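Asker:
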Amino acid sequence: MTKERIILKISGAALKDASAILSSTKLESIASQIKYIHKMYDIGIVVGGGNIWRGGTSDLKLYREEQAHYMGMVATIINSVALKEALVRIGVKAEVHSLLPCPKVSINYHKNIGNKALSQHKVVILAGGTGKPFFSTDTGAAKDAIELKANYIIMGKDGVDGVYSDDPKKNKKAIRYDRLTFKEAIAKELKVMDLSAMKMCQKNNIKIIVFNISRQNAIVNTMERKIPITIVSNDKR
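Taking our numbering, I'd label the letters of the sequence shown as residues 32 to 268.
#1: Taking DSSP as the reference, what is the three-state secondary structure of F166?
#2: What's the C-alpha gap between Q64 and A125?
#3: May I ask you to list the residues that DSSP assigns as paired with A158?
#4: Is it buried or exposed for L46, if we count other Cβ within 10 angstroms and need 16 for buried?
#5: Please give the ranges of any beta strand (DSSP E) in the region 163 to 245, keeping only runs that are unbroken, at least 3 residues long and fully inside the region.
#6: Could you spell out where the alpha helix (DSSP H) holding K101 opens and where it closes?
#7: On the DSSP bridge assignment, give the partners of R36 in chain order.
#8: How long is the line joining the alpha carbons of K153 and P164, rounded to whole angstroms?
#9: Do C232 and A173 have their C-beta atoms closer together than 7 Å?
#10: For the candidate residues K66, Y72, L130, whose alpha-carbon lies nearest to that of G122?
#11: Measuring alpha carbon to alpha carbon, tell me which residue in F213, M102, H69 is nearest I262.
#12: Tell me, please, which residues DSSP counts as bridged to V78.
#13: Going along the chain, which residues of its own chain have a beta-carbon closer than 8 Å to the beta-carbon of A113, five neighbours each way excluded?
#14: Alpha carbons only, please: which of Q151, I74, E116, G162 is nearest the one belonging to C133?
#15: Please report the distance separating the alpha-carbon of I206 from that of Y195.
#16: Look at I156 and K115 and say whether their C-beta atoms are less than 7 Å apart.
#17: Thinking C-alpha only, which one of D192, I260, R256, K238 is nearest R36?
#18: Classify D169 as buried or exposed, calling it buried when 16 or more other Cβ atoms lie within 10 Å of its own Cβ.
#19: Alpha carbon to alpha carbon, how far is A176 from I184? Give it in angstroms, no decimals.
#20: What do you get for M186, buried or exposed, if any count of 16 or more other CB atoms within 10 angstroms of its CB means buried?
#21: My output table needs one value for I260: the three-state DSSP class, helix, strand or coil.
#22: By Cβ distance below 8 Å, which residues in the same chain neighbour N110 in space, the five residues on each side in sequence not counted?
#23: Rounded to a whole number of angstroms, what is the C-alpha to C-alpha distance between K219 and K201?
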């Protein structure tokens, strides 16, 4: 059976709790949800590293900016290995592929290797961003979606139920959109993902689904359309 392919983008913050930068409870919950939806979809996962290190916002008086970004990429590898172990523990075949070489814990990423792993019904966790500094994990997710022939990028936001006209945490009158075209999102300068990444998705007709990963069972409920989401695509169908 041919499955649709998705790229699931999870922030590093989704893996932490009040007492730990990597929460066993959070990892187990996300892993169990991935196991459930893996029955219906081939899944690539991009995990951020913000729970450990934010390369773009850290004190650059102490770190050269390029090195700060590399430290952020290393953080994504740490999170990816943790998620892989949570998946393997519950019987899901999973591999970490990284564009930042780290051979003891990951496979050096190449699109052909990634596509082969997905065709073997393995979950592929994509670490290390683009492997180069000054690019966000949004750009990495868009690149991965194109190379791995994904139909959707599923983006988990922390505490936000999709895409809004303004920051809903600051403006209670902000309007949430159920559906948007890429043209609308770009024209309105809405914070769906980095502009360059969004244009890559627009050009390659890859839909983006934005959801609140802080909700209970959020990944499963997003795929089953049981919670509020925003769908961004080239048309509103």
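Backbone N, C-alpha and C define an ideal beta-carbon position, used for all residues, glycine too.
Values in this document were obtained by computation on a predicted structure and should not be read as measured data.
Answerer: Working from what's here:
#1: coil
#2: 14 Å
#3: S129
#4: buried
#5: 183 to 188, 210 to 212, 238 to 243
#6: Going by the sequence as given, residue 101 is Tyr instead of Lys. Segment 96 to 120, the alpha helix (DSSP H) holding Y101.
#7: D73
#8: 28 Å
#9: yes
#10: K66
#11: F213
#12: I41
#13: L46, L53, L58
#14: G162
#15: 5 Å
#16: yes
#17: K238
#18: buried
#19: 7 Å
#20: buried
#21: coil
#22: G43, L46, L53, V78, G79, G80, N82, I83, A158
#23: 18 Å
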